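Asker: Protein chains in written order, with our numbering: chain A, 119 to 399; chain B, 275 to 507.
1. Which residue spans inside the stretch 190-265 of chain A form an unbroken alpha helix (DSSP H) run of at least 4?
2. If contact is defined by three or more beta carbon pairs under 8 Å, each pair taking one atom from either stretch, is the stretch 279-290 of chain A in contact with the stretch 309-327 of chain A?
3. Quick one: does residue 472 (chain B) have its CB under 7 Å from some CB of chain A?
4. Short of 7 Å in beta carbon distance, which residues of its chain neighbour residue 417 (chain B), apart from the five on each side in sequence? Order them along the chain.
5. What separation, rounded to the nearest whole angstrom, lies between the Cα atoms of residue 219 (chain A) and residue 507 (chain B)?
6. Interface residues of chain A around residue 353 (chain B) at Cβ under 7 Å?
7. Here's a check: name, in chain order, each residue in its chain whose Cβ is nearer than 7 Å to the Cβ of residue 357 (chain A), leaving out the five neighbours to either side.
8. What distance in whole Å lies between the Cβ atoms of residue 422 (chain B) and residue 491 (chain B), which are believed to be in contact at a cut-off of 8 Å?
9. Any beta carbon from chain B within less than 7 Å of residue 248 (chain A)'s own beta carbon?
10. Under the three-state reduction of DSSP, which class applies to residue 374 (chain B): helix, strand or coil?
11. Going by the CB atoms, is the gap between residue 386 (chain B) and residue 322 (chain B) shorter than 7 Å?
12. Can you tell me which of the three DSSP states residue 399 (chain A) falls into?
13. Between which two residues does the alpha helix (DSSP H) containing residue 495 (chain B) stretch?
14. Whose C-beta lies closer than 6 Å to the C-beta of residue 140 (chain A) among residues of the same chain, with five residues either side of it excluded?
15. Any residues in the stretch 459-492 of chain B with a beta carbon nearer than 8 Å to a beta carbon of chain A? Which ones, in chain order?
16. Kindly indicate which residue of A:223, A:265, A:248, A:235 has the alpha-carbon position closest to the one of residue 325 (chain A).
17. Based on the DSSP secondary-structure assignment, which residues constitute the bridge partners of residue 315 (chain B)?
18. Do three or more CB pairs link the stretch 356-376 of chain A to the stretch 228-248 of chain A at distances below 8 Å?
19. Taking the CB atoms as reference points, tell me whether residue 402 (chain B) and residue 315 (chain B) lie closer together than 7 Å.
20. When you measure from the CB of residue 471 (chain B) to every non-hydrogen atom of the ligand FMN, does any distance come out below 6 Å?
21. Name the chain B residues whose beta carbon is nearer than 7 Å to that of residue 354 (chain A)?
22. Determine, using beta carbons only, whether residue 346 (chain A) and residue 309 (chain A) come nearer to each other than 7 Å.
23. Please state whether DSSP places residue 304 (chain A) in a helix, a strand or coil.
24. Determine the direct distance from the alpha carbon of residue 298 (chain A) to that of residue 383 (chain A), and round the result to whole angstroms.
25. Using a Cβ-Cβ distance under 7 Å, would residue 374 (chain B) count as near chain A?
26. State the Cα-Cα distance for the pair residue 365 (chain B) and residue 399 (chain B), rounded to the nearest angstrom.
27. Return yes when the Cβ of residue 288 (chain B) is within less than 7 Å of the Cβ of residue 338 (chain B), no when it is not.
28. When burial is assigned at 16 or more other CB atoms within 10 Å of the CB, is residue 374 (chain B) buried or exposed?
29. Between residue 348 (chain A) and chain B, is any beta-carbon pair separated by less than 7 Å?
30. Report yes or no: is there a C-beta of chain A within less than 7 Å of the C-beta of residue 280 (chain B)?
31. Determine, using beta carbons only, whether residue 142 (chain A) and residue 156 (chain A) come nearer to each other than 7 Å.
32. Measuring only between beta-carbons, confirm whether residue 351 (chain A) sits less than 7 Å from chain B.
33. Looking at the secondary structure, which residues open and close the alpha helix (DSSP H) in which residue 409 (chain B) lies?
34. Does the stretch 303-319 of chain B come close enough to the stretch 352-360 of chain B that 3 or more CB-CB pairs lie under 8 Å?
35. Just checking, does the stretch 192-207 of chain A make contact with the stretch 245-256 of chain A on the three C-beta pairs under 8 Å criterion?
36. With a threshold of 16 other CB atoms inside 10 Å of the CB of residue 291 (chain B), please say whether the residue is buried or exposed.
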C-alpha cells in the first residue's frame, strides 16, 4: 500500500519532471538476467528490473489440438502473484491483476507470430505440443507486466524441447534435446507499459510510483521487416487518454523497443556461448 | 488479394445497422438494449445502493462494478456458462471505460452494479456492451459527466474498417490471419479515450488513421444513443 502523503510528494516531484530515484520519465531501471533457475524446466529465467523480480519457466506437454486449429500446437500463459513477493498478494483464486497481466503477455506473443504453432504439430487432429509459459512474481516493485513479458521472451528463446518417445507417446521429462522451440525471432514482440499520472507519462514505475498513477497503456511492438508493428494494446485503470497522447506513446514505444530488443539479443547470445563452452567440457 | 470490398458490402467507415432502446428490464434502475448488426447486448444497472458488506465501502467515493457475460447460446459452439478469464478481463476493462465519467465522488459508501449480457454475438460484443451500459447508466439517472460510445475498428490486410464482423475478424490472406481488431471507447465531448485494446499487426504509422476512424464512428453511435434516450417516455 502506498500512502496518500506519498502520493502528494510523488505528484509534486513528477510535476517537475523528476522521479524519486532521479531517473528520466522514459528511462528503465537496470535489468539483470539469470538463466537456468530451474533445471527441470525446458527453459527458465529470473529477471530483475530494479527491485522487481520475476521468474519464468517454460514447461511442455503433449495434448490434443483445438478443433479449429487441428494442425497447431497450443500455448498457455499464467502469472502468479505469489504472497512471498508482497504483503498485498494473497492465496486463493487468481486475482484480476494476475489474469489480466497474463492475458496481455499472451496476446502479444500469440498475435505477433513469434511462435510457429504449425511446427508444434505431432499428428494432425490428434497430438500437438503445448507450451506452458508460467510466470511467478518473486518480488513486486512495480511494472510487473513488462517484467513478466521480458522473462517470458527470454525463457522461450532459450528453451529446449524435452525428449519425446513416439512409440510410447510419452515425454521423458528431465531429458532435453538440443532443439529450440520453433520461433520466428524477427517477429519477437516487446511489451512496454506507459503510466499516466495527472498529465505526466512515465515508464517502468516502482510500486510506489505505480500506485499513485491513474492508469496505463500497454503497447506490444515487433519489427518483422522495416517498420514497427503493434501486436497488442491494452488500456488499464481509470485514466483517459487523448488521441495525441496515444500517438506519442506509440512513438516513444518504438524507441524503447529498440533498447529492449538489443538487450534481449545480447543476453541470449551470452547464454548460447556459455552453453557451447559447457558442452565442450 | 487486398481487402477492397467488405464482405457485407458496407463502405469502410460505415457502421452496421444499429438500434438502441432503454427501459427493457423493468426491475432495474436503468437498462438498455443495444444492437450492432447481429451483435446484441443488454445491460441493466442496479444502484447506487448501500454497499454490503460494509467493510467494502469506500467513504470517499462510490464503487462501480461491471459484470460482462456471454450467454451460452450466443455463439456457434456453446460456451460453458459462468465466469471465464476472458469475461473477467472484459468486465474490468469495461469498468475502466465507464468509471471516468461516472461521478462516483458524489456517491460515497455506495455501489453501482452494471450487468451486461450478450444475447447474440457477431464480434464487437464488448463495444455493444459498453454502448448499452452507458445508456443504462444514464437511464438510471446516475450522475455522469459525458456519454460513452464504443466501436471495434479493424485492419483487414491494409484497409482500415469500422465496426468489424466475426467474418472480418477471421479474415485471412494467403492462409494467414490478416485481421487486426482494435476496440475503442471514446467520450462524447472531450473525445478522450477510455478503452483501447488491440490484437493483430498494425503498423505504428497507421495508429492515427485508426484513432480517427474510431472518433468518427463513436460520434455516429453517440447520436443513436442520445436519440434512444430522448425517445424514452
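Note that beta-carbon positions come from the ideal geometry of N, C-alpha and C, so glycine has one too. These figures come from a predicted structure and were not determined experimentally.
Answerer: Inspection of the coordinates gives the following:
1. Counting only runs of 4 or more, we get 214-230.
2. Between the stretch 309-327 of chain A and the stretch 279-290 of chain A, the count of C-beta pairs closer than 8 Å stays below three; the two stretches do not touch.
3. Residue-level contact by beta carbon holds for residue 472 (chain B) and chain A, with a gap shorter than 7 Å.
4. Closer than 7 Å at the Cβ level, and outside the excluded window around residue 417 (chain B), lie 377, 380.
5. The alpha-carbon atoms of residue 219 (chain A) and residue 507 (chain B) are separated by roughly 44 Å.
6. Under the 7 Å cutoff, chain A gives no residues; its nearest Cβ is about 14 Å from residue 353 (chain B).
7. Contacts found: 314, 332, 333.
8. Contact flag wrong, Cβ pair sits at about 13 Å.
9. So no, residue 248 (chain A) is outside the interface.
10. In the structure shown, residue 374 (chain B) falls within a helical segment according to DSSP collapsed to helix, strand and coil.
11. Yes; because the gap between Cβ atoms is below 7 Å, this pair is in contact.
12. Any reading at residue 399 (chain A) needs caution, since the residue's pLDDT is 49, under 50, leaving its predicted position unreliable; the model's value is listed next. Three-state DSSP puts residue 399 (chain A) in coil, outside helix and strand.
13. 481-505 is the extent of the alpha helix (DSSP H) around residue 495 (chain B).
14. No residues qualify anywhere along the chain.
15. Contact residues of the stretch 459-492 of chain B toward chain A are 461, 464, 465, 466, 467, 468, 469, 470, 471, 472, 473, 474, 475, 476, 477, 478, 479, 481, 482, 485, 486, 489 (C-beta to C-beta distance below 8 Å).
16. Among A:223, A:265, A:248, A:235, the Cα nearest to that of residue 325 (chain A) belongs to A:265.
17. Note: residue 315 (chain B) sits in a beta bridge opposite B:308, B:392.
18. No, the stretch 356-376 of chain A does not touch the stretch 228-248 of chain A.
19. In this structure, residue 402 (chain B) places its C-beta atom within 7 Å of the C-beta atom of residue 315 (chain B).
20. Only the bare structure without any ligand can be found here, which leaves the ligand FMN out of the picture.
21. Within chain B, the residues near residue 354 (chain A) are 370.
22. With contacts defined as CB atoms closer than 7 Å, residue 346 (chain A) and residue 309 (chain A) fail to qualify as a contacting pair.
23. It is helical.
24. Distance between the alpha carbons of residue 383 (chain A) and residue 298 (chain A): 15 Å.
25. Yes, residue 374 (chain B) counts as interfacial toward chain A.
26. Near 12 Å, if we compare the C-alpha coordinates of residue 399 (chain B) and residue 365 (chain B).
27. No; because the gap between Cβ atoms is not below 7 Å, this pair is not in contact.
28. So residue 374 (chain B) ends up on the buried side.
29. For residue 348 (chain A), the answer is yes, since a Cβ of chain B falls inside 7 Å of its Cβ.
30. So no, residue 280 (chain B) is outside the interface.
31. Judged by beta-carbon spacing, residue 156 (chain A) lies beyond the 7 Å limit of residue 142 (chain A), meaning their Cβ atoms are not closer than that value.
32. Flagged as an interface residue toward chain B: residue 351 (chain A), by a C-beta distance shorter than 7 Å.
33. That run of the alpha helix (DSSP H) goes 399-413.
34. The answer is no - the stretch 303-319 of chain B does not touch the stretch 352-360 of chain B, with fewer than three Cβ pairs under 8 Å.
35. Output reads yes: the stretch 245-256 of chain A touches the stretch 192-207 of chain A.
36. Looking at its Cβ environment, which holds fewer than 16 other Cβ atoms inside 10 Å, residue 291 (chain B) is exposed.
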